[in-house]
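Engineer: Residue numbers (our numbering): 98 to 349. Even glycine gets a Cβ: it sits at the ideal position worked out from N, Cα and C.
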């Protein structure tokens, strides 16, 4: 049945090793190991399959939040007193709204609107040796990378990050010149956010391209159902770097 094929796809034929009381090693049958893996992974994979958008948004939110917490507590050695809660909130919001919702629309839905999905699917399903011979697929891969690096990254990714950060954890030093008693307007926050992005434009985009270009080459080359899991794995590393270099009030 299709259900049986789905299970076999996710569960490797493993033996589970247990130490006996005498210090030896016993092997459990593969069927027992498979049953154990099924009971653990099946609810997760069923939920992701049934609710792909919601699950990816949830994963993105948790991923970005966890990355900032790791950087603050384990790299910057903060504690419950010095922990910057607004910074973590900014990363959680960024993970939800941009990395979750926007990246889903761009990476899963958008690319299939911009480019021929038949060529995309054919290229993604090919073995690596065949991919190198498929010129049409390689050209489309290059076009996807170009769109990502020259449009999505500088015009959406970085601006949204600086905006979320400015609205949730503004640097009060930036607003000293504003007359006392007057509230800071949304326009002023947007202006300060884009000013900071402008100061870091080349460094941010060259750094991001160096990190993401190799990763996206792989991501855009695999079957579409594997794109978001791989993207989230790589993105978790990126979120840690983002928190360390751009998470605080000043850049490292």
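May I ask you to verify whether the stretch 180–189 touches the stretch 252–267, counting CB pairs closer than 8 Å and requiring at least 3?
Structural biologist: yes
Engineer: Contact check, residue 213 vs residue 237 under 8 Å by CB: the rounded distance?
Structural biologist: At roughly 7 Å, the Cβ-Cβ gap stays under 8 Å, so residue 213 and residue 237 are in contact.
Engineer: So, at 7 Å on beta carbons, what are the nonlocal neighbours of residue 245 in its own chain, with the 5 sequence-adjacent residues on each side left out?
Structural biologist: 313
Engineer: Would you say the stretch 301–313 touches the stretch 249–258, given that touching needs at least three Cβ pairs under 8 Å?
Structural biologist: yes
Engineer: Using three-state DSSP, classify residue 282 as helix, strand or coil.
Structural biologist: coil
Engineer: Going by beta carbon distance, what residues of the same chain come within less than 7 Å of residue 128, once the five residues before and after it are set aside?
Structural biologist: Its pLDDT being 49, under 50, residue 128 is placed unreliably in this model, and the value from its coordinates should be taken loosely. Nothing listed; no residue qualifies.
Engineer: Can you tell me where the alpha helix (DSSP H) with residue 253 in it begins and where it stops?
Structural biologist: Counting along the chain, residue 253 falls outside any alpha helix (DSSP H), and DSSP gives it neither H nor E.
Engineer: Rounded to a whole number of angstroms, what is the C-alpha to C-alpha distance between residue 241 and residue 318?
Structural biologist: 10 Å
Engineer: Three-state secondary structure (DSSP) at residue 205?
Structural biologist: Taken through DSSP and simplified to helix, strand or coil, residue 205 comes out as helix.
Engineer: In whole angstroms, what is the alpha-carbon distance linking residue 232 and residue 239?
Structural biologist: As the crow flies, the alpha-carbon of residue 232 is around 10 Å from that of residue 239.
Engineer: Could you check whether residue 188 and residue 161 sit closer than 9 Å to each other, using their CB atoms as the reference points?
Structural biologist: yes
Engineer: Restricting to Cα atoms, I'd like to know which of 168, 203, 289, 173 is closest to residue 150.
Structural biologist: 203
Engineer: Give the straight-line distance between the Cα atoms of residue 194 and residue 176, rounded to the nearest whole angstrom.
Structural biologist: 27 Å
Engineer: Whole-angstrom Cβ separation of residue 291 and residue 259, contact assumed at under 8 Å?
Structural biologist: 7 Å
Engineer: Return yes when the Cβ of residue 261 is within less than 9 Å of the Cβ of residue 148, no when it is not.
Structural biologist: no
Engineer: With a threshold of 16 other CB atoms inside 10 Å of the CB of residue 143, please say whether the residue is buried or exposed.
Structural biologist: Classification of residue 143: exposed, given that the 10 Å Cβ count is below 16.
Engineer: Per DSSP, what kind of secondary structure is residue 177 in: helix, strand or coil?
Structural biologist: In the three-state scheme derived from DSSP, where H, G and I count as helix and E and B as strand, residue 177 is classed as coil.
Engineer: For residue 320, which option in 158, 157, 224, 169 has the closest C-alpha, if you only look at C-alpha atoms?
Structural biologist: 224
Engineer: Hey, residue 316 and residue 331: beta-carbon distance below 9 Å or not?
Structural biologist: yes
Engineer: Assign residue 340 to buried or exposed, taking buried as 16 or more other Cβ atoms, counted over all protein chains shown, within 10 Å of its Cβ.
Structural biologist: buried
Engineer: For the alpha helix (DSSP H) containing residue 159, list its first residue and its last residue.
Structural biologist: 149–167
Engineer: If you count every other CB in all the chains shown that lies within 10 Å of the CB of residue 158, and 16 or more means buried, which is it?
Structural biologist: buried
Engineer: According to the neighbour-count rule (16 or more other Cβ atoms, all chains shown, within 10 Å of its Cβ), is residue 164 buried or exposed?
Structural biologist: With 16 or more other Cβ atoms from the protein chains shown falling within 10 Å of its own Cβ, residue 164 counts as buried.
Engineer: With 16 other CB atoms within 10 Å as the buried threshold, where does residue 288 fall?
Structural biologist: So residue 288 ends up on the exposed side.
Engineer: On the criterion of 16 or more Cβ atoms from any shown chain inside 10 Å, does residue 298 qualify as buried, or is it exposed?
Structural biologist: Sixteen is the threshold: since fewer than 16 other Cβ atoms of the shown chains lie within 10 Å of the Cβ of residue 298, the residue is exposed.
Engineer: Whose C-beta lies closer than 7 Å to the C-beta of residue 172 among residues of the same chain, with five residues either side of it excluded?
Structural biologist: For residue 172, where only same-chain residues beyond five positions count, the Cβ hits under 7 Å are 341.
Engineer: What residues in its chain sit with their C-beta under 7 Å from that of residue 310, if we drop five residues either side in the sequence?
Structural biologist: 242, 246
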